[in-house]
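Notes to accompany the following structure.
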Amino acid sequence: MKHAQPTAHPPSEQQGYSLRIVTFWLAFGTFVIGCSEFAAMGLLPYFAADFDISEEVAGHAISAYALGVVVGAPLITLFFSRLARRTMLISMMIFYAVGNLLTALAWSDWAMNAARFIAGLPHGAYFGIAMLFAADIAGKNKRAQAVSNVIMGLAIANIIGVPAISGIGQLFGWRTGFFLISAFALVTSLMVWKTAPFRGANPNAKPMTELQALKNKDVLLVLLMGAIGFGGMFSVYSYFSASYLNTTSAPEWGISVTLLIYGIGVTLGNIIAGRYSEGRLLRSAILFQILLGLSAAAYAASMGNAYLMTISLFFIGIGGGMVVPLQTRLMDVAGDAQTLAGAMNHAAFNTANALGPWLAGMALSAGYGYASTGWVGMALAGGGVLVWIVIVLGQSAKQSQPVEQGAG
102 MKHAQPTAHP
112 PSEQQGYSLR
122 IVTFWLAFGT
132 FVIGCSEFAA
142 MGLLPYFAAD
152 FDISEEVAGH
162 AISAYALGVV
172 VGAPLITLFF
182 SRLARRTMLI
192 SMMIFYAVGN
202 LLTALAWSDW
212 AMNAARFIAG
222 LPHGAYFGIA
232 MLFAADIAGK
242 NKRAQAVSNV
252 IMGLAIANII
262 GVPAISGIGQ
272 LFGWRTGFFL
282 ISAFALVTSL
292 MVWKTAPFRG
302 ANPNAKPMTE
312 LQALKNKDVL
322 LVLLMGAIGF
332 GGMFSVYSYF
342 SASYLNTTSA
352 PEWGISVTLL
362 IYGIGVTLGN
372 IIAGRYSEGR
382 LLRSAILFQI
392 LLGLSAAAYA
402 ASMGNAYLMT
412 ISLFFIGIGG
422 GMVVPLQTRL
432 MDVAGDAQTL
442 AGAMNHAAFN
452 TANALGPWLA
462 GMALSAGYGY
472 ASTGWVGMAL
482 AGGGVLVWIV
492 IVLGQSAKQS
502 QPVEQGAG
C-alpha cells in the first residue's frame, strides 16, 4: 500500500533553525493540551461546587471537550489542509488559548460546557499536524525520534503538568489553572512562530484524498478500538478525584500524588510500547487492552482503599500504552490519508473521553456507587477486545485469500 512521505528538503533549506528547539516547542504544545484535557478531570469537584451542580452533571464538561475534539479534528484538517503547517500550528494554539480563557471565565455549567467544546476543537488538528511537521523538518533518518519527542509532551503533562495544575486549582481556585493553560498556549504559538521554519502549503493537498481514510475499513476498525477500549481509562480517571474524596479518609493532597503516580504509569506504558511493539502491533495492543481492563476491575474492587486505588490507577496508566501500537497500526493502513488519519486518531481517543465519563456518570446517577466507574471501565475494555478480534479475523482472512484463490 502506498504511503505518503514527508517532503524532502535540501540541506540549505534546513539551515537557520534548531530541530531540537522546534520539536521542544511542538511538544510544549502537546504538554499544554494534555494539562487542559486531564486537569479538567482533577478539578471537576471544585467547579461542580462553584456552579452548585452534582459531579455527574459537571462531568458533561469533560464530554463536551471530547466532542469538540471529535468535531474539530476532521473539519479543521479538511477545510484548512492547503494552509502552511506552521500557520496551522500557530492558529491552533491561539484558538486553544481562547477556549481555555473562556473556560476560566465561565459563569455557569452550560457556559463551562460551551467553553470546553470550543477548547476541544483544535486539539486533534494540532496533534496530527505537529507530528507530520516534526517528521517533515527532521528528515528521513530522524522522523521517528522527532515524532516521539512531540508525543512525549503529553506524557510529561500527566507526570508534572496535571498534578501541578490540580494543586494550583486546589490552592488558588480552579479558574487559576485554566488561566495558566491559556497563557501557556499563547507562549507556544509565539515560540512556534519564532523558531519553526516556514514550509509552503502542500499544493497536492486535497480534502477528497484525505476523506478516503473514512472509507478504509482497516482505518475505521483501529479508530473504533481506540474509541471504545480507551473509554475504560477515562471512565475511571474522570471520576477519580470525586471517588477519592468521597470514599477514603486520605488527605486531599493525596489526589495530586496519585495523579503523579498515574502519569508515571502512562509514561512507562508509552516507553514499553515503543520499545516492544514493533513487528507485533496487534499482539501488543491486546496485551495493553487486557491490562487496562483488569486494572479497572481491580480499581473497582479496591474502592475506599487509597493505596490500592493508587496502585490500580498506576497500572491503568500503563495500559494507556495501547495508543502506541494503535497509532503505528493506523499509519500502516492509512495510505495517502495520513493527515486526516492522524487527526482522527486523537478524535477517536476523545470519543473514548466522552463515552467513558458519560457511561460512568449514568452508573453513578443510577446509584451504583463510585466502584461502578471501574466496572464500566472493565466493560469498555472488553468492548475493545471484541473489536481487536474482528481486526485479527479480518487480517487472517486477507492473508489466507491468495492461498484460497490459488487452490481454486
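Under my numbering, the first residue of the sequence shown is numbered 102, with each subsequent residue one higher. Note that CB positions come from ideal geometry on N, CA and C, so glycine has one too. Note that the structure is predicted; figures quoted are calculated from it, not measured.
Residue closest to Gly270, alpha-carbon to alpha-carbon, out of Tyr147, Ala482, Arg121 and Thr131
Residue 270 sits at position 169 when you count from the first residue of the sequence shown. It is Tyr147.
Which ranges does the alpha helix (DSSP H) cover as unbroken runs of at least 4 residues, wholly within the region 129–163, from first to last along the chain?
List check, alpha helix (DSSP H) in window: 145–151 and 156–159.
Between the alpha carbons of Leu168 and Arg381, how many angstroms are there, rounded?
In the sequence shown, residue 168 corresponds to position 67, counting from 1. In the sequence shown, residue 381 corresponds to position 280, counting from 1. Approximately 32 Å between the Cα atoms of the pair.
Are the Cβ atoms of Gly221 and Tyr166 separated by less than 8 Å?
Along the sequence shown, read from residue 1 onward, the residue named residue 221 stands at position 120. Along the sequence shown, read from residue 1 onward, the residue named residue 166 stands at position 65. Closer than 8 Å, so yes.
Have a look at Glu138, Val158, Ile238 and Glu156 and flag the residue whose alpha-carbon is nearest the alpha-carbon of Ile219.
Taking the sequence shown and counting its residues from 1, the one referred to as residue 219 is at position 118. It is Glu138.
For Gly380, the three-state DSSP class (helix, strand or coil)
In the sequence shown, residue 380 corresponds to position 279, counting from 1. DSSP places Gly380 in coil when its eight states are reduced to three.
Where does Gly405 sit, in a helix, a strand or coil, going by DSSP?
As a working note, residue 405 is residue 304 in the sequence shown. It is coil, neither helix nor strand.
Counting along the chain, where does the alpha helix (DSSP H) carrying Gly318 start and finish?
The residue labelled residue 318 in the question sits at position 217 within the sequence shown. It should be pointed out that residue 318 corresponds to Lys in this sequence rather than to Gly. Lys318 to Gly330 is the extent of the alpha helix (DSSP H) around Lys318.
Classify Trp208 as helix, strand or coil using the three-state DSSP reduction.
Position 107 of the sequence shown, counted from the start, is the residue given in the question as residue 208. Coil, per DSSP.
With DSSP collapsed to three states, give me the class of Phe299.
Taking the first residue of the sequence shown as position 1, residue 299 is located at position 198. Residue state, collapsed to three classes: coil.
Taking the CB atoms as reference points, tell me whether Asn454 and Tyr363 lie closer together than 8 Å.
On the sequence shown, residue 454 is found 353 positions in, with the first residue counted as 1. On the sequence shown, residue 363 is found 262 positions in, with the first residue counted as 1. Not closer than 8 Å, so no.
Nearest to Ile412 by alpha carbon, out of Leu393, Ala149, Ala448 and Ser466?
Here residue 412 refers to the residue found at position 311 when the sequence shown is read from its first residue. The shortest C-alpha separation from Ile412 is found at Leu393.
Can you list, in chain order, the residues of its chain whose CB lies under 7 Å from that of Ala149, leaving out five sequence neighbours each side?
As a position in the sequence shown, residue 149 is number 48, starting the count at 1. Closer than 7 Å at Cβ, skipping near neighbours: Ser155, Glu156 and Ala159.
Is it a yes or a no for the region 325–341 touching the region 482–489, going by three-plus beta-carbon pairs under 8 Å?
yes
Pick from Ser385, Ser267 and Gly274: whose alpha carbon is nearest that of Leu361?
As a working note, residue 361 is residue 260 in the sequence shown. The shortest C-alpha separation from Leu361 is found at Ser267.
Expected contact under 8 Å - CB spacing of Ala286 and Tyr197 to nearest Å
Position 185 of the sequence shown, counted from the start, is the residue given in the question as residue 286. Position 96 of the sequence shown, counted from the start, is the residue given in the question as residue 197. Right, their Cβ atoms sit about 5 Å apart.
Taking the beta carbon of Asp153 as the centre, do at least 16 other beta carbons fall within 10 Å, making it buried, or is it exposed?
Here the question's residue 153 lines up with position 52 in the sequence shown. So Asp153 counts as exposed.
Helix, strand or coil at Trp354 according to DSSP, with G and I counted as helix:
Translated into the one-based positions of the sequence shown, residue 354 becomes position 253. In this structure, Trp354 counts as coil in the three-state DSSP scheme.
Cβ shell of Met232 (< 8 Å), same chain only, five flanking positions each side left out
By 1-based counting over the sequence shown, the position of residue 232 is 131. Excluding positions up to five away in sequence, the list reads Val248, Val251, Ile252 and Gly443.
Do you know offhand how far Val170's Cα is from Trp459's?
Translated into the one-based positions of the sequence shown, residue 170 becomes position 69. Translated into the one-based positions of the sequence shown, residue 459 becomes position 358. If I take the Cα positions, the gap works out to 16 Å.
Assumed close pair Ala226, Met193 - CB separation to whole angstroms, cut-off 8 Å:
Translated into the one-based positions of the sequence shown, residue 226 becomes position 125. Translated into the one-based positions of the sequence shown, residue 193 becomes position 92. The pair is a contact, with the Cβ atoms about 6 Å apart (cut-off 8 Å).
Could you give the residue range of the alpha helix (DSSP H) that holds Met423?
As a position in the sequence shown, residue 423 is number 322, starting the count at 1. Per DSSP, Met423 belongs to no alpha helix (DSSP H) and is neither H nor E.
Only counting the same chain, and skipping five residues up and downstream in sequence, which positions put a Cβ closer than 6 Å to that of Gly366?
Position 265 of the sequence shown holds residue 366. Phe415, Gly418 and Ile419, listed in sequence order.
To the nearest angstrom, how far is it from the Cα of Gly229 to the Cα of Ser350?
Sequence index remark: in the sequence shown, residue 229 carries index 128 (1-based). Sequence index remark: in the sequence shown, residue 350 carries index 249 (1-based). A straight-line Cα-Cα distance of about 42 Å links Gly229 and Ser350.
Is it right to say Gln390 is buried, meaning 16 or more other beta carbons lie within 10 angstroms of its own, or is it exposed?
Position 289 of the sequence shown, counted from the start, is the residue given in the question as residue 390. Its Cβ being crowded by 16 or more others within 10 Å, Gln390 is buried.
Among Ala235, Phe280 and Asp319, whose alpha-carbon lies nearest the alpha-carbon of Ala297?
Here residue 297 refers to the residue found at position 196 of the sequence shown. Ala297 has its Cα closest to that of Ala235, out of Ala235, Phe280 and Asp319.
If you draw a straight line from the alpha carbon of Ala402 to that of Val488, how long is it in whole angstroms?
As a position in the sequence shown, residue 402 is number 301, starting the count at 1. As a position in the sequence shown, residue 488 is number 387, starting the count at 1. Ala402 and Val488: Cα-Cα distance of roughly 26 Å.
With distances taken from CA atoms, which of Ser385, Tyr400 and Trp275 is nearest Asp151?
To locate residue 151, count along the sequence shown from 1; it is residue 50. Here the closest residue by C-alpha is Trp275.
Cα separation between Leu312 and Met423?
Residue mapping note: residue 312 aligns to position 211 of the sequence shown, counting from 1. Residue mapping note: residue 423 aligns to position 322 of the sequence shown, counting from 1. In a straight line, the C-alpha of Leu312 is about 25 Å away from that of Met423.
On the criterion of 16 or more Cβ atoms from any shown chain inside 10 Å, does Phe341 qualify as buried, or is it exposed?
Mapped onto the sequence shown, residue 341 falls at position 240. Answer is buried; the Cβ neighbour count reaches 16.
Less than 8 Å between the CB atoms is what I'm expecting for Val323 and Leu255, so what's the real figure, rounded?
For the purposes of this step, residue 323 is identified with residue 222 of the sequence shown, where counting begins at 1. For the purposes of this step, residue 255 is identified with residue 154 of the sequence shown, where counting begins at 1. The C-beta distance from Val323 to Leu255 rounds to 19 Å, too long to meet the 8 Å contact threshold.
Any idea if Ser164 is buried or exposed, counting beta-carbon neighbours within 10 angstroms, 16 or more meaning buried?
Mapped onto the sequence shown, residue 164 falls at position 63. Answer is buried; the Cβ neighbour count reaches 16.
Distance check for Ala128 and Thr178, CA to CA, integer angstroms please.
Here residue 178 corresponds to residue number 77 of the sequence shown, with the count starting at 1. Here residue 128 corresponds to residue number 27 of the sequence shown, with the count starting at 1. So the two alpha carbons sit approximately 19 Å from each other.
Could you have a look at Thr349 and say whether DSSP puts it in helix, strand or coil?
In the sequence shown, residue 349 corresponds to position 248, counting from 1. In this structure, Thr349 counts as coil in the three-state DSSP scheme.
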